[in-house]
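**Q** In this text, residue positions in the sequence shown follow my numbering: the first is 1152, and each later residue adds one.
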Amino acid sequence: MTTVGPRPETAAASETFSSWSPATGTPVGTFPVHTAADVHATVERAQDAAQWWSSLGFTGRSERLAQWRKLFVHRQAQLIDLMRAETGKSLADARLEFVLALEHIAWAGKHARKVLRPQRRRAGLLMANQAATVEFQPLGVIGVIGPWNYPLLTPIGSIVYALAAGNAVVFKPSEHTPAVGRWLADTFAEVATEHPVFQTVTGFGPTGDALARSRVDKIAFTGSTATGKKIMAAAAEALTPLIIEAGGKDPLLVDADADVNAAAEATIWGAFTNAGQTCIGIERVYVHEQIYDEFVRKVTSLSRQIHAGEDYGPMTTPNQLDIVSTHITDALSQGGTALVGGADAVNDRYVQPTVLIDVPEDATAVQEETFGPTVTITKVADMDEAIRKANGTRYGLGAAVFSRARGVELARRLRTGMVSVNAPLSFAAIASLPYGGMGDSGFGRIHGEEGLREFTRAKSIARQRFAAPISLTTFQRSPRLDARVDAIIKLLYGR
Ligand code: NAD
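#1: Residues bridged to F1182 by DSSP?
#2: Would A1422 and H1478 qualify as a contact pair, given that the criterion is a beta-carbon distance under 9 Å?
#3: I think G1374 touches T1353, with their Cβ atoms under 8 Å apart; what is that distance to the nearest whole Å?
#4: Distance check for T1424 and D1244, CA to CA, integer angstroms please.
#5: Determine the closest residue to G1549 out of D1199, G1568, A1541 and I1538, with distance taken between C-alpha atoms.
#6: Where does F1446 fall in DSSP's three states?
#7: Where does the unbroken alpha helix (DSSP H) through I1479 begin, and where does it stop?
#8: With a CB to CB cut of under 8 Å and the five nearest residues on each side skipped, what residues in its chain are close to R1212?
#9: Against chain C, with Cβ distances strictly below 9 Å, would V1447 count as a contact?
#10: Assign A1371 to buried or exposed, taking buried as 16 or more other Cβ atoms, counted over all protein chains shown, within 10 Å of its Cβ.
#11: Under 8 Å: does the beta carbon of N1300 sit that close to some heavy atom of ligand 1?
#12: Can you tell me the Cα-Cα spacing of D1499 and I1310, whole angstroms?
#13: Based on the DSSP secondary-structure assignment, which residues constitute the bridge partners of Q1288?
#14: If you reduce the DSSP assignment to three classes, tell me which class A1459 lands in.
#15: Beta carbon of F1355: closer than 8 Å to some heavy atom of ligand 1?
#16: Determine the extent of the beta strand (DSSP E) in which F1322 is found, giving its start and end residues.
#17: Residues in the same chain with beta-carbon distance under 7 Å from D1401, minus the five sequence neighbours each way, listed in chain order, please.
#18: Helix, strand or coil for G1421 per DSSP?
#19: Can you tell me whether R1628 is helix, strand or coil according to DSSP?
#20: Which residue or residues does DSSP assign as beta-bridge partners of T1351?
#21: Suppose the cutoff is 8 Å on Cβ atoms and the five residues either side in sequence are ignored; what does the same chain contact list for V1510 look like?
#22: With the cut-off set at 9 Å, would you say D1410 and F1553 are in Cβ contact?
#23: By the 10 Å Cβ neighbour count, where 16 or more other Cβ atoms means buried, how is P1157 classified, buried or exposed?
#24: For D1647, which option in L1335, E1341 and S1325 has the closest C-alpha, if you only look at C-alpha atoms?
#25: Is G1294 closer than 9 Å to F1322 when the C-beta atoms are compared?
#26: Of the residues T1284, R1364 and F1339, which one's Cα is nearest the Cα of I1648?
#27: For E1302, which three-state DSSP category applies?
#28: Quick check: what's the CA-CA separation for P1159 versus A1188?
#29: Quick check: is any heavy atom of ligand 1 less than 8 Å from the C-beta of Y1586?
#30: Given a threshold of 16 other Cβ atoms within 10 Å of its Cβ, counted over all protein chains shown, does E1248 qualify as buried or as exposed?
#31: Compare the Cα-Cα distances from A1377 to each of E1520, E1600 and I1538 and report the closest residue.
#32: Please report the straight-line C-alpha distance between P1585 and G1593, rounded to a whole angstrom.
#33: Among all the DSSP beta bridges, which residues are the ones paired with H1571?
#34: Tell me whether E1254, by its Cβ, gets closer than 8 Å to a heavy atom of ligand 1.
#35: Give the DSSP bridge partners of P1402, in chain order.
#36: Could you tell me whether any non-hydrogen atom of ligand 1 is closer than 8 Å to the CB of E1520?
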């Protein structure tokens, strides 16, 4: 085993890049562009560290995670400042992200033992002489690749579950938010001084690609669907398993019996929080015709009270401004109407809230991830039509349903990984619930018990307790014994 090597940030990379504040245009920090060789060296160090970390056991690891959690609380101002500097998000958005991240650190540290301890399994009548157990062993080193929109919460949702399960982590943060990524690894190093259990590598796509091709034991990727596909192809070369948490186009359904005020409030928060740059942000609403007019009136009036630059921050990347602008223009050119905002809602940094109605279902604003503070509202004759339309995109991440009588029933019929009923995005704040999508939104689950198990290998052990009177695993089986097995099978399963 090696002791702590040079920090990857100070290793061989000679090229550097800077992250910038999208609100002010000033630089936040300068970071190395790690090469494939740097990434491989980092993963190698992590392999040794993983053995030490795993040997600490659940108690040792949970103590370190608790120390890290406390350090988060004591230095929250510093972390929140960095998050805001690199993304431009409002203080309210940054605080919420911080609190949710803390929940996950606490939950994973506290529950890993109970979820992952060895379990006894029934061996069955034919194998009654065996003691059957399954253990959940750590995989080794997890490569985490993260996005910029929630630079703390999204990677933490993989990192702490991987760590709590006994793995080392190599994290490649987004090129837009490397300072937050480095803060995480630096602070973890303070509570695990012995070995580099959690390291960060910085750079652009090629650095992430090198991590996907390295000898990591699993990849946990959060980002766009297009990048997810590239990473899956890269990981296929070494048959490295992966989790993909990709984009979304989340719908909100409003039934005739819904609390219209609550649904309108949820729509504007779900659509505009974090400037709409939320993978589980509400981008489409389907409303029962009986309450459509009232709902649209309320959403319009509430949206007029929300202002970019006050209630939420700028778009984090210039690229995002172009996408949002294209979606709005396309919706309007296809017959849509902007009740709030519209084409001139997009300026050089900020996008004002935009509410669109009468947008055809095949417009990009309904089919593609906009990732901005815009929302489409569509009238439906009944909830069957709402479900059909909600399920009509390639994505399948989250959704929300507002209905007094049929919330859970409608939630079950949505083709998504998660649904909140009569509240916006609530599943994401419950650490015990698995998080993830289907279709173009990806696969695999982070958070909760399922999230801990994602970062383990189920190891089955069958221990013979005594020689069996009927042994099937021998060439010495007699016709008499086979006849007896036949009789037992008929008795057990043939009736
Ligand atoms: P992105 O796909 O552009 O980048 C994500 C990460 O992948 C970055 O660190 C980037 O450097 C890296 N990367 C780029 N090319 C790569 C390659 N070829 N190989 C390996 N790594 C590579 O995504 P983004 O713009 O940073 O994030 C926004 C997207 O993330 C949105 O689509 C959003 O919906 C999604 N997202 C999903 C979730 C979720 O939980 N499902 C959460 C947050 C964000």
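No residue lacks a Cβ here, since even glycine has one placed at the ideal position from N, Cα and C.
**A** Well, looking at it:
#1: The sequence position of residue 1182 within the sequence shown is 31, counting from 1. Answer is F1168.
#2: Within the sequence shown, residue 1422 is the residue found at index 271, counting from 1. Within the sequence shown, residue 1478 is the residue found at index 327, counting from 1. Result no, Cβ atoms of A1422 and H1478 do not sit closer than 9 Å.
#3: As a first step, residue 1374 must be located in the sequence shown, where it is residue number 223. As a first step, residue 1353 must be located in the sequence shown, where it is residue number 202. Actually they do not touch by this definition, with Cβ atoms about 15 Å apart.
#4: Walking along the sequence shown from the start, residue 1244 turns up at place 93. Walking along the sequence shown from the start, residue 1424 turns up at place 273. For D1244 and T1424, the distance between alpha carbons rounds to 7 Å.
#5: Counted from its first residue, the sequence shown places residue 1549 at position 398. Residue G1568 is the option with its Cα nearest to G1549.
#6: Against the sequence shown, residue 1446 aligns to sequence position 295. F1446 falls in the helix class under three-state DSSP.
#7: The sequence position of residue 1479 within the sequence shown is 328, counting from 1. Per DSSP, I1479 belongs to the alpha helix (DSSP H) from P1469 to S1484.
#8: Position 61 of the sequence shown, counted from the start, is the residue given in the question as residue 1212. If we look at R1212 and ignore the five residues flanking it on each side, its Cβ neighbours are W1204, G1260, A1263, L1314, A1315 and G1317.
#9: Although the question refers to chain C, the structure presented lacks it and comprises just one protein chain.
#10: Taking the sequence shown and counting its residues from 1, one reaches residue 1371 at position 220. Classification for A1371: buried.
#11: Here residue 1300 corresponds to residue number 149 of the sequence shown, with the count starting at 1. Yes; taking the cut-off as 8 Å, the Cβ of N1300 has a heavy atom of ligand 1 nearer than that.
#12: What you label residue 1499 is simply residue 348 of the sequence shown in a count that begins at 1. What you label residue 1310 is simply residue 159 of the sequence shown in a count that begins at 1. Computed Cα separation, rounded: 35 Å.
#13: Taking the sequence shown and counting its residues from 1, the one referred to as residue 1288 is at position 137. BP columns for Q1288 point to R1608.
#14: As a working note, residue 1459 is residue 308 in the sequence shown. Strand.
#15: Along the sequence shown, one-based indexing puts residue 1355 at 204. For ligand 1, at least one heavy atom lies less than 8 Å from the Cβ of F1355.
#16: Sequence index remark: in the sequence shown, residue 1322 carries index 171 (1-based). Where F1322 is concerned, the enclosing beta strand (DSSP E) stretches over A1319 to K1323.
#17: Sequence index remark: in the sequence shown, residue 1401 carries index 250 (1-based). I1431, G1432, I1433, E1434, L1548, G1549 and A1550.
#18: Taking the first residue of the sequence shown as 1, we reach residue 1421 at position 270. DSSP places G1421 in helix when its eight states are reduced to three.
#19: On the sequence shown, residue 1628 is found 477 positions in, with the first residue counted as 1. Residue state, collapsed to three classes: coil.
#20: If you number the sequence shown from 1, residue 1351 lands on position 200. Note: T1351 sits in a beta bridge opposite F1322.
#21: Within the sequence shown, the letter at position 359 stands for residue 1510. The residues are A1482, Q1485, G1486, G1487, A1516, V1517, T1527 and T1529.
#22: In the sequence shown, counting from the first residue as 1, residue 1410 sits at position 259. In the sequence shown, counting from the first residue as 1, residue 1553 sits at position 402. Yes, the pair counts as a contact, with Cβ atoms nearer than the cut-off.
#23: Counted from its first residue, the sequence shown places residue 1157 at position 6. With a pLDDT of only 39 at P1157, under the threshold of 50, the placement of this residue in the model should not be trusted, and no figure is reported.
#24: The chain is shown only over 1152 to 1646; residue 1647 falls outside these bounds and no answer can be derived.
#25: Your numbering for residue 1322 matches position 171 in the sequence shown. Your numbering for residue 1294 matches position 143 in the sequence shown. Their beta carbons are under 9 Å apart, which means F1322 touches G1294 by this criterion.
#26: Nothing can be reported for residue 1648: it is not among the residues displayed for the chain, which extend from 1152 to 1646.
#27: Within the sequence shown, residue 1302 is the residue found at index 151, counting from 1. The question names Glu, but residue 1302 in the sequence shown is Pro. Reduced to three states, the DSSP call for P1302 is coil.
#28: Position 8 of the sequence shown, counting from 1, holds the residue named residue 1159. Position 37 of the sequence shown, counting from 1, holds the residue named residue 1188. Bear in mind that a pLDDT of 44 at P1159, under 50, signals an unreliable position, so the model cannot answer this.
#29: Within the sequence shown, the letter at position 435 stands for residue 1586. Flag set: Cβ of Y1586 near ligand 1.
#30: Position 97 of the sequence shown holds residue 1248. By the 10 Å Cβ count, E1248 comes out buried.
#31: On the sequence shown, position 226 is the one that residue 1377 refers to. Checked all of E1520, E1600 and I1538; the closest Cα to A1377 is E1520.
#32: If you number the sequence shown from 1, residue 1585 lands on position 434. If you number the sequence shown from 1, residue 1593 lands on position 442. For P1585 and G1593, the distance between alpha carbons rounds to 14 Å.
#33: Taking the sequence shown and counting its residues from 1, one reaches residue 1571 at position 420. It is Ser, not His, that sits at residue 1571 in the sequence shown. A1551, per the DSSP bridge assignment.
#34: For the purposes of this step, residue 1254 is taken as residue 103 along the sequence shown, with counting starting at 1. False, no ligand heavy atom lies under 8 Å from that Cβ.
#35: Residue numbering aside, residue 1402 sits at position 251 when the sequence shown is read from its first letter. Partner(s): R1435.
#36: Here residue 1520 corresponds to residue number 369 of the sequence shown, with the count starting at 1. Correct: E1520 has its Cβ closer than 8 Å to ligand 1.
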